[in-house]
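Residue numbers (our numbering), protein chains in the order written: chain S, 4 to 483; chain R, 4 to 483.
We treat Cβ as the ideally placed atom computed from N, Cα and C, and that holds for glycine.
Below you'll find the structure, written out as structure tokens, and then a few comments.
2 protein chains.
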Amino acid sequence: MTEVEVKKTQESLQDRLAQVVELLHRQRVVEDLTHRQEGPHSDRVGNLVHRQNLVELQRKLDDLHSADVAYILEALPLEERLTVWQLVQADRDGDILLEVSDSVRETLIADMDDHELLAAAKEMDADELADLAPELPRDVVHELMEALDGQQRERVRSALSYDEEQVGALMDFEMVTIREDVSLEVVLRYLRRLKELPGHTDKLFVVDYDGVLKGVLPIKRLLVNDPEKQVAEVMASDPVSFHPDENGYDAAQAFERYDLISAPVVDKNGKLIGRLTIDEMVDLIREESESEVLSMAGLREEEDIFASVWKSLRNRWAWLAVNLITAFVASRVIGLFEGSIEKLVALAALMPIVAGIGGNSGNQTITMIVRAMALDQVSTGNTSRLMRKELAVSLINGVVWGGVIGVVAYLLYGSWSLGVVMTAAMTLNLLLAALMGVLIPMTLARLGRDPAMGASVMITAVTDSGGFFIFLGLATIFLL
Amino acid sequence: MTEVEVKKTQESLQDRLAQVVELLHRQRVVEDLTHRQEGPHSDRVGNLVHRQNLVELQRKLDDLHSADVAYILEALPLEERLTVWQLVQADRDGDILLEVSDSVRETLIADMDDHELLAAAKEMDADELADLAPELPRDVVHELMEALDGQQRERVRSALSYDEEQVGALMDFEMVTIREDVSLEVVLRYLRRLKELPGHTDKLFVVDYDGVLKGVLPIKRLLVNDPEKQVAEVMASDPVSFHPDENGYDAAQAFERYDLISAPVVDKNGKLIGRLTIDEMVDLIREESESEVLSMAGLREEEDIFASVWKSLRNRWAWLAVNLITAFVASRVIGLFEGSIEKLVALAALMPIVAGIGGNSGNQTITMIVRAMALDQVSTGNTSRLMRKELAVSLINGVVWGGVIGVVAYLLYGSWSLGVVMTAAMTLNLLLAALMGVLIPMTLARLGRDPAMGASVMITAVTDSGGFFIFLGLATIFLL
């Protein structure tokens, strides 16, 4: 949308958030007061203070960059969020909607009527419209599409036809294209006539008459070369380009690796159809690592921290339910050995140590493997080597820490054989943790799933049931 | 360093890695063969094939971007990594050293002699030298500093005087500065004389005669405005700028928020001393989320997946040791109730369910809070509201899932009261998990620590010991 000049303020974002919260609280106090003292006079005073507060708050918001307003909206509980949202100038609605997280956006859209939504959406570019469309009411989308010209409508349709994570859904259409048979002087004059260049324009796209990409002209080269030269002499003729059906995460890695600012997107025939820019890629990099953290812990998606209790429950139930089943299995494993525990109750006290250390060690392994897989560092060629290393680490940990715990068990219960069983069980469970810590994410990946998905829940399940079985089994054989 | 033109190949990075591994394996087979058949003839054949393989591998590497070679080095086990490293052309050593991860860089530097290191480092800019210096042998650094001119040496010293995460250590010195009282035409001519612009130049820095930053001139504006205009008319006079002692992560967030490509760094007096660029910031964003994942799982730092076993152990021991102590505490909690378990052995089988579900739910909460804290969304103003929400979620989970497990316990052991105790213990432990899931990261942050640090280990410790105590305690009171 329009370019906003970012000004540096000395206040940190945290400070600005604190100021807004402060104003909102003062506001609430005033409302409480006017509510309590219902005399006509106090009401008028209340109204006055009320209005003063709102005016001050509105002034604060007007001074802030849209991204900062978005940040403040995300950090506020629903009720206060909507108070602030209503104070934002209508012409900034669109910008801010594009900045907030999905879950917060939903709450804001729910608060707007069709008229406001239409006004906010009308200033957006085709790619931005496509981002927002799935969350808008159907008739608003319909009306918006009607209002677009043919090319724009086509672009929105095309962007919507791709997966959220495909390049085709991430690209924008704000490209400056030039021909290769003109001089740099002509290009410079052409740019001057444009009055404004799209954001993140670090290169111009060189296309032929059919729109096929012939190369890119980095602005840097345009500036340092003799204006008499032809574009074809100066351009880079074989630039990194992407296809609309490529995975966006791969594109983001390429941006990171090759330090790109923007890159062309071409169709099967080499025709230029859009471009990717670093800002979208940065968002993607952030999202990717976030979703890794979340899915390892067994959360379905990013949560608005002030989401309703019901939404939070839905986000967390799937993996809790899985965990319930695995915990039940572990419990039945112990049930198998109830006879042994009755005879030697120390087993009940010691068994969680075996399971717990196994879980912790397994989580370390699985975290490292998931990390390496996200960076594409794990291939079939090196799996067995990785496995050997993890097993070696576990073996040493088992002998050392298992030994320590074995001695402690002896000191507590005065039985050498109990100590030895403890050490052996710890070592075996750590080996199991290493084995599964490598195999679980790899198997998930081979099944085409996200290797981080519930990784923590699953490895803990294995080390719990496994740990109980190994320890109680060994104890039953050797101690009873 | 020098600008490399990135060309698009149709092969993915994974494919290229596979090719290198393939060549390395063929290489090893040849070596094995020549070793086994020690006749003079077979030896010569072996040598020939040997050399052919190496030549092919070298050609492959020469075609690759430094970032891609770095990726391949990271994905190879030590021995093969060094074989590849020796094949890389010496003049690319510096570039590649700057691209690889810290742990891999260490292994590469250990393989180079002083002469090679000096050659690699001599082509670097001051900021790159400063990045590398802490890992180089002391006498190499000394010799390098001697070889630098006064300004460069001063820059390296200054960069080294800051923390790795401060803006002063992240900035570079490749700025194009102009005066405000010249016309755009003059600026354009000046740029042409420079022959090459530094990477990521999206704006020129406008300074006065004392070097004080007056504003920035975005290249976009330079291109679209009338060349007759003065710089002062066109520049942005109050740009986002940073101080060298600011936190790099805050700067990275500002880059993300305001979609910056580069930004000036100024000292206390407003004098321009360097600039930040988006590529460094992207690396930082990636690192930040990585270190969050790792420290939650109780890993000290990023691990070279082929790190020696000894290194891996050091990386993981600290938190394993902590876990050992917490597991021991949990074990002693159970020890307190050995009498109860002897009387009702079903308790031993059921208690891990209470602890396990608590741990899982606590991990979900703590992950979400750590995430929100990293994004600065948690402030003192909203803590209590967050806490209420988490407690409500836990209460519902406890009643629902605890209820299910209670019924299962009844069906298994035929005791209603056991089922009720189970449900109550689950609910209480989930409430404990929610409470600590919010309090642990907040307390760590208030103590100035990383809120993600070992978060997973700590929450599990609380829900284990707490879960055992609550369940066995309730059982002892109500069932025996």
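Specify the secondary structure class of D286(S) as computed by DSSP and reduced to three states. Correct three-state label for D286(S): helix.
May I ask you to list the residues that DSSP assigns as paired with V486(R)? This structure does not reach residue 486(R), given that chain R is present from 4 up to 483, and the question cannot be answered.
What's the C-alpha gap between F258(R) and D453(R)? Rounded to the nearest whole angstrom, the C-alpha separation of F258(R) and D453(R) is 22 Å.
Can a CB atom of chain R be found closer than 7 Å to the CB of Q367(S)? True, the Cβ-Cβ gap to chain R drops below 7 Å.
Could you run through the segment 173-200 of chain R and flag, in chain order, every residue whose CB is less than 9 Å away from some CB of chain S? Taking 9 Å as the Cβ-Cβ cut-off against chain S, the residues of the segment 173-200 of chain R that qualify are L191, L194, R195, R196, L197, K198, E199 and L200.
Beta bridge counterpart(s) of V268(S) as assigned by DSSP: Paired residues: F245(S) and G277(S).
Closest residue to E183(R) among R158(R), K198(R), D213(R) and A375(R) (Cα-Cα distance): D213(R) is the residue among R158(R), K198(R), D213(R) and A375(R) whose C-alpha sits nearest the C-alpha of E183(R).
Quick one: is T5(R) buried, meaning 16 or more other Cβ sit within 10 Å of its Cβ, or exposed? Reliability fails at T5(R), whose pLDDT of 37 lies under 50, so the model's placement of it is uncertain and the value that follows must be treated cautiously. By the beta-carbon neighbour count (other beta carbons within 10 angstroms, threshold 16), T5(R) is exposed.
Could you please tell me which residues of the segment 384-399 of chain S, in chain order, have their CB closer than 7 Å to any CB of chain R? Flagged, chain order: G384, N385, R388, L389, K392, A395, V396 and I399.
Candidates F471(R), A412(R) and G362(R): closest to L438(R) by CA position: By alpha-carbon distance to L438(R), the top candidate from F471(R), A412(R) and G362(R) is G362(R).
In terms of DSSP beta bridges, what is I337(R) paired with? Bridge partners of I337(R): none, in fact.
For I264(R), which residues of its own chain have a beta-carbon under 6 Å away from its beta-carbon, when the five flanking residues on both sides are left out? Closer than 6 Å at the Cβ level, and outside the excluded window around I264(R), lie H203, D205 and I281.
C-alpha distance - G218(S) paired with G273(R), whole-angstrom precision: Spanning the two alpha carbons is a distance of roughly 41 Å.
Whole-Å CB distance - R555(R) paired with P267(R), under 8 Å assumed: The requested residue 555(R) does not occur in the structure, where chain R is confined to residues 4 to 483.
Helix, strand or coil at N400(S) according to DSSP, with G and I counted as helix: It is helical.
Pick from G469(S), L477(S), V91(S) and L389(S) that is closest to T329(S), judged by C-alpha positions: Relative to T329(S), the option among G469(S), L477(S), V91(S) and L389(S) whose CA is nearest is G469(S).
Beta-carbon neighbours of W404(R), restricted to chain S and to distances below 7 Å: Here the neighbours are L323 and L327.
Proximal residues to E131(S) (C-beta, below 6 Å), its chain only, five neighbours per side dropped: The answer, listed in chain order, is L101.
Taking S489(R) as the reference, give the member of R224(R), D152(R), E149(R) and S164(R) with the closest Cα. Outside the shown range of chain R, which is 4 to 483, sits residue 489(R), and nothing can be said about it.
Within its chain, find whatever has a CB closer than 7 Å to the CB of E295(S); leave out the 5 residues flanking it on each side and keep chain order. Same-chain partners within the cutoff: V373, A377 and A455.
What distance in whole Å lies between the Cβ atoms of P247(S) and I369(S), which are believed to be in contact at a cut-off of 8 Å? Contact flag wrong, Cβ pair sits at about 34 Å.
From which residue to which residue does the alpha helix (DSSP H) around L431(R) run? W419 to R449 is the span of the alpha helix (DSSP H), which, as asked, contains L431(R).
Please state whether the Cβ-Cβ distance between I408(S) and N326(R) is less than 7 Å. Going by beta carbons, I408(S) and N326(R) fall outside the 7 Å limit.
Just the chain S side, please: which residues come within less than 9 Å of E341(R) by C-beta, in chain order? Ordered by position in chain S, the residues that pass the 9 Å Cβ test against E341(R) are V348, A349, A351 and A352.
Taking 7 Å as the threshold (C-beta atoms), are F471(S) and M284(S) in contact? The beta carbons of M284(S) and F471(S) sit no closer together than 7 Å.
Pairwise C-alpha distance: S69(S) and I99(S): Distance between I99(S) and S69(S), taken at the CA atoms: about 5 Å.
Could you tell me which chain S residues have their CB closer than 9 Å to the CB of H68(R), listed as they occur along the chain? Simply R260 and Y261.
Mind listing which residues of the segment 413-427 of chain R have their C-beta closer than 9 Å to chain S's C-betas, in chain order? Within the segment 413-427 of chain R, the residues whose Cβ lies closer than 9 Å to some Cβ of chain S are L415, listed in chain order.
With DSSP collapsed to three states, give me the class of D18(S). Residue state, collapsed to three classes: helix.
Closest residue to L347(S) among E167(S), L483(S), M371(S) and L216(S) (Cα-Cα distance): Here the closest residue by C-alpha is L483(S).
List, from N- to C-terminal side, the alpha helix (DSSP H) runs of 4 residues or more that fit wholly inside the segment 323-375 of chain R. Complete alpha helix (DSSP H) runs here, min 4: 341-346.
Decide yes or no for the touch test of the segment 68-88 of chain S against the segment 100-116 of chain S: beta carbon pairs closer than 8 Å, at least 3 of them. With contact defined as three or more Cβ pairs closer than 8 Å, the segment 68-88 of chain S and the segment 100-116 of chain S are in contact.
Using alpha carbons as the reference points, say which of V215(S), V227(S) and Q169(S) lies closest to R192(R). Closest option to R192(R), Cα to Cα, is V227(S).
Helix, strand or coil for A239(R), going by three-state DSSP, please let me know. Strand, per DSSP.
Would a C-beta distance cut-off of 7 Å place D467(R) and A352(R) closer than the cut-off? No, the Cβ-Cβ distance between D467(R) and A352(R) is not below 7 Å.
Can you find a CB in chain S that lies within less than 7 Å of the CB of N272(R)? At least 7 Å separates the CB of N272(R) from every CB of chain S.
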